[in-house]
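J.:
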Amino acid sequence: MTLSSVQNILLVAGLAVVLKDVRFSGANATSVEDYLRVENPDTDLKLAYTNGGWEQPDTETFRKLHTSRCNIKRISVKDLDLERFEAEFRFKKPVIVTFPNGAADWTVPEKWSQDYLRKTFGLQQASSGTADNILGNYGQASGQHSFTDFTDRLMRQTSPGSSDARWYVWDRGFYKNANISSSLRLPPYFAARVGATGSGLTFHDHYDAWNGMVFGKKRWFVYPDNKSPPGGMKFTNREWYEIIYPKLTREHRPLECVQEEGEIIYVPEGYYHAVMNIGDSIGFAVVARGPTTVVQKITDDFILDLKLGYAKHLQDTGQHKETVKKLLEAINFDPHNIIPYIILSRKLEKLNRLNEAEEVLLQVRELLPAHGLVHAEYGAFLLRTGRYAEAVARPEDSEYLTFGIAKDPTTLSPILGLQDRW
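As numbered in mature numbering (1 follows the signal peptide of the UniProt record, and there is no 0), residues -29 to -1, 1 to 393 make up the sequence shown, in order.
1) Could you give the first and the last residue of the continuous beta strand (DSSP E) run that contains residue 425?
2) F192: which of N208, G183, A180, M184 sits nearest, CA to CA?
3) Leaving out five residues on either side along the sequence, give the residues of the same chain with a beta carbon under 8 Å from the beta carbon of Y242.
4) Taking just the CA atoms, how far does T32 sit from G250?
5) Just reading off the alpha helix (DSSP H) that A328 is part of, what are its end residues?
6) Candidates P217, N323, P201, E327: which alpha carbon is nearest I310's?
7) Counting Cβ pairs closer than 8 Å, one from the segment 220 to 235 and one from the segment 50 to 61, do we hit at least three?
8) Taking the alpha carbon of P71 as the point to measure from, which residue in S84, R45, F56, T91 has its own alpha carbon closest?
9) Let me check understanding here. Comparing Cα to Cα, which of E234, E320, I253, V295 lies closest to G73?
10) Please name the residue, chosen from W77, K318, N182, that lies closest to P239 on a Cα-to-Cα basis.
11) Taking 8 Å as the threshold (C-beta atoms), are E320 and F352 in contact?
12) I need the straight-line Cα distance from residue 408 to T356, nearest angstrom please.
13) Consult DSSP for E348 and reduce its assignment to one of helix, strand or coil.
14) According to DSSP, is I249 part of a helix, a strand, or is it coil?
15) How many angstroms separate the CA atom of K188 from the CA atom of N248?
16) G23: which of P80, N42, R34, K35 sits nearest, CA to CA?
17) Once DSSP output is grouped into helix, strand and coil, what is the label at I235?
18) What three-state label does DSSP hand T69 in the structure shown?
19) Skipping 5 residues on each side, what residues in its chain have a beta carbon closer than 7 Å to that of Y87?
20) Are the CB atoms of L333 and E348 within a distance shorter than 8 Å?
21) Confirm, please, whether the CB-CB distance from A256 to A180 is below 8 Å.
22) With 16 as the cutoff for other CB atoms within 10 Å, does N326 come out buried or exposed?
23) In the DSSP assignment, find the unbroken alpha helix (DSSP H) run with L53 in it and report its ends.
24) Helix, strand or coil for W181, going by three-state DSSP, please let me know.
25) With a threshold of 8 Å between beta-carbons, can F192 be considered close to chain C, or not?
26) Got a sec, what are the start and stop residues for the beta strand (DSSP E) K44 sits in?
27) As a quick exercise: from W25, W77, E330, E57, pick the residue whose alpha carbon is nearest that of R89.
28) Is it buried or exposed, E54, if we count other Cβ atoms within 10 angstroms and call 16 or more buried?
29) So for K90, helix, strand or coil by DSSP?
30) Does the Cβ of Y359 have 16 or more other Cβ atoms within 10 Å, making it buried, or fewer, making it exposed?
31) Looking at the strands, I want to know which residues DSSP matches up with Y243.
32) CA-CA distance, G107 and F206?
33) Looking at the strands, I want to know which residues DSSP matches up with K35.
34) Would you identify the three-state DSSP class for Q230, choosing helix, strand or coil?
35) Should N336 be labelled buried (16 or more other beta-carbon atoms within 10 Å of its own) or exposed?
36) According to DSSP, is K189 part of a helix, a strand, or is it coil?
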């Protein structure tokens, strides 16, 4: 298959894009050097060994985040033409495309090294932000910093109260102005994204997308378009991985795989996906500019909303017992989603069933011990019930309300939103 054929596939898949995530080496290798000797004898040893100057994961990070589990199909670019892609994968399932010479088959890796980017574009301004900032700002980071400032300072910085909300450079303008698009033999519409070790995006979906790794290694979690991630969208990627993922039964587990350096992954339109970067990384993503399908899909989120909406109707019509029953159904439907718990607790509180209301909050606190919304909600419950001393005291000598705000500075918005609705 020629590179022009690859371009055709990418053009069909969509246009728009991004710079990302990191690297250690092959799953069976004991070191990067062993990996290069055994599995990639033709790779530029110096460039690959140094990971382009981007930080490699330490042993603990690698062991914690890496896995040999992979249920996403891998196909060599030599075996994938446009006809097969359209028939087997487009809109149907994700696929990872491998290249004989890795990223060198579709770009010039040297132009993506940290040293090259710092020397050439170090003073250039780029938009950067955490995953929440980017996803909440329609796919564009809102902070402005020089690329050198980002690599020297922000790349290792987390947002206040968070253990994993690391910063990305996520800027279409930087990508275009830095002129690194000339090193890509891919479609012209791109956005740039650089992610620090431990960074990544929580679950989200969008139009058809390709994601290529120049340097790095990234673990993917993917759910089909008719299945929403258990727990909903209130978790960071690290929280979801540490709290929800270990509890998932076989039928609720995602498609997953570790994307290696030089590979390109295709994710169909509407598929929820989250990523975890295993070390620093850099790469691109191509995202379709508009919807390419018109089929309305009934997702788990929609079903959950229906259950909550019906519960609201029951409450408005004075059917309080049925309201509680419907909220319990919503919890059983997705026991990892915190919103039904909070609504149920508030409903029980209004019915003066305070012990039951508190039990629900303690249950969700056990499920999500580090989630700011949970602690803020429990603190607010204690205040409303006159337990002022307890409201500003919690285990580990911290304050419920203060801790809740520190863990999630935007906590007030969802709480007020729920109060308005319920």
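For glycine and all other residues, C-beta sits at the position ideal for the given N, C-alpha and C. Computed from a prediction, not measured in an experiment: that's the story for all the values here.
T.: Walking through what the data contain:
1) Look at the range of the chain in this structure, -29 to 393, and you will see that residue 425 is not part of it.
2) Start at 1 with the first residue of the sequence shown, and residue 192 comes out as number 221. Nearest of N208, G183, A180, M184 to F192, Cα basis: N208.
3) Counting from one through the sequence shown, the residue named residue 242 turns up at place 271. These residues qualify, in order along the chain: P65, D176, V193, Y194, P195, D196.
4) Counting from one through the sequence shown, the residue named residue 250 turns up at place 279. Counting from one through the sequence shown, the residue named residue 32 turns up at place 61. Computed Cα separation, rounded: 8 Å.
5) Taking the sequence shown and counting its residues from 1, the one referred to as residue 328 is at position 357. Segment 325 to 338, the alpha helix (DSSP H) holding A328.
6) Walking along the sequence shown from the start, residue 310 turns up at place 339. Among P217, N323, P201, E327, the Cα nearest to that of I310 is on P201.
7) No, they do not touch.
8) To locate residue 71, count along the sequence shown from 1; it is residue 100. Nearest C-alpha to P71: R45.
9) On the sequence shown, position 102 is the one that residue 73 refers to. Looking at the Cα atoms, E234 is the closest of the given residues.
10) Numbered from its first residue, the sequence shown carries residue 239 at position 268. Measuring from the Cα of P239, the nearest candidate turns out to be N182.
11) Numbered from its first residue, the sequence shown carries residue 352 at position 381. Numbered from its first residue, the sequence shown carries residue 320 at position 349. Yes.
12) Residue 408 lies beyond the range of the chain shown here (-29 to 393); nothing can be said about it.
13) What you label residue 348 is simply residue 377 of the sequence shown in a count that begins at 1. Here E348 sits in helix by DSSP.
14) Numbered from its first residue, the sequence shown carries residue 249 at position 278. In the structure shown, I249 falls within a coil segment according to DSSP collapsed to helix, strand and coil.
15) Position 217 of the sequence shown, counted from the start, is the residue given in the question as residue 188. Position 277 of the sequence shown, counted from the start, is the residue given in the question as residue 248. The straight-line gap from Cα to Cα measures roughly 6 Å.
16) Counting from 1 along the sequence shown, the entry for residue 23 is found at position 52. Residue P80 is the option with its Cα nearest to G23.
17) Locating residue 235 in the sequence shown gives position 264, where the first residue counts as 1. The answer is strand: DSSP assigns I235 an E or B state.
18) For the purposes of this step, residue 69 is taken as residue 98 along the sequence shown, with counting starting at 1. In this structure, T69 counts as strand in the three-state DSSP scheme.
19) As a working note, residue 87 is residue 116 in the sequence shown. Result list for Y87: E81, in chain order.
20) Start at 1 with the first residue of the sequence shown, and residue 348 comes out as number 377. Start at 1 with the first residue of the sequence shown, and residue 333 comes out as number 362. Their beta carbons are not under 8 Å apart, which means E348 does not touch L333 by this criterion.
21) On the sequence shown, position 209 is the one that residue 180 refers to. On the sequence shown, position 285 is the one that residue 256 refers to. A contact, by the Cβ cut-off of 8 Å.
22) Along the sequence shown, one-based indexing puts residue 326 at 355. Exposed, by the Cβ-count rule.
23) By 1-based counting over the sequence shown, the position of residue 53 is 82. It spans 53 to 59 - the alpha helix (DSSP H) in which L53 sits, taken as one unbroken run.
24) Here the question's residue 181 lines up with position 210 in the sequence shown. Looking at W181 - three-state DSSP - the assignment turns out to be strand.
25) Of the protein chains in this structure there is only one, and it is not chain C.
26) As a first step, residue 44 must be located in the sequence shown, where it is residue number 73. Here the beta strand (DSSP E) through K44 covers 44 to 47.
27) Locating residue 89 in the sequence shown gives position 118, where the first residue counts as 1. By alpha-carbon distance to R89, the top candidate from W25, W77, E330, E57 is W25.
28) Locating residue 54 in the sequence shown gives position 83, counting from the first residue. Exposed.
29) As a first step, residue 90 must be located in the sequence shown, where it is residue number 119. Reduced to three states, the DSSP call for K90 is helix.
30) One-based indexing of the sequence shown puts residue 359 at position 388. Looking at its Cβ environment, which holds fewer than 16 other Cβ atoms inside 10 Å, Y359 is exposed.
31) Locating residue 243 in the sequence shown gives position 272, where the first residue counts as 1. DSSP, once it has assigned bridges, lists Y194 as partnering Y243.
32) The sequence position of residue 107 within the sequence shown is 136, counting from 1. The sequence position of residue 206 within the sequence shown is 235, counting from 1. Low per-residue confidence applies at G107: pLDDT is 45, beneath 50, and the placement is therefore not dependable, though the value from the model is reported in the following sentence. The alpha-carbon atoms of G107 and F206 are separated by roughly 14 Å.
33) On the sequence shown, position 64 is the one that residue 35 refers to. K35 is not bridged to any residue.
34) Your numbering for residue 230 matches position 259 in the sequence shown. It is a strand residue.
35) The sequence position of residue 336 within the sequence shown is 365, counting from 1. Reading the sequence as shown, one finds Arg at residue 336 and not Asn. Counting the other CB atoms within 10 Å of its CB gives R336 a total of 16 or more, which places it among the buried residues.
36) Locating residue 189 in the sequence shown gives position 218, counting from the first residue. Three-state DSSP puts K189 in a strand.
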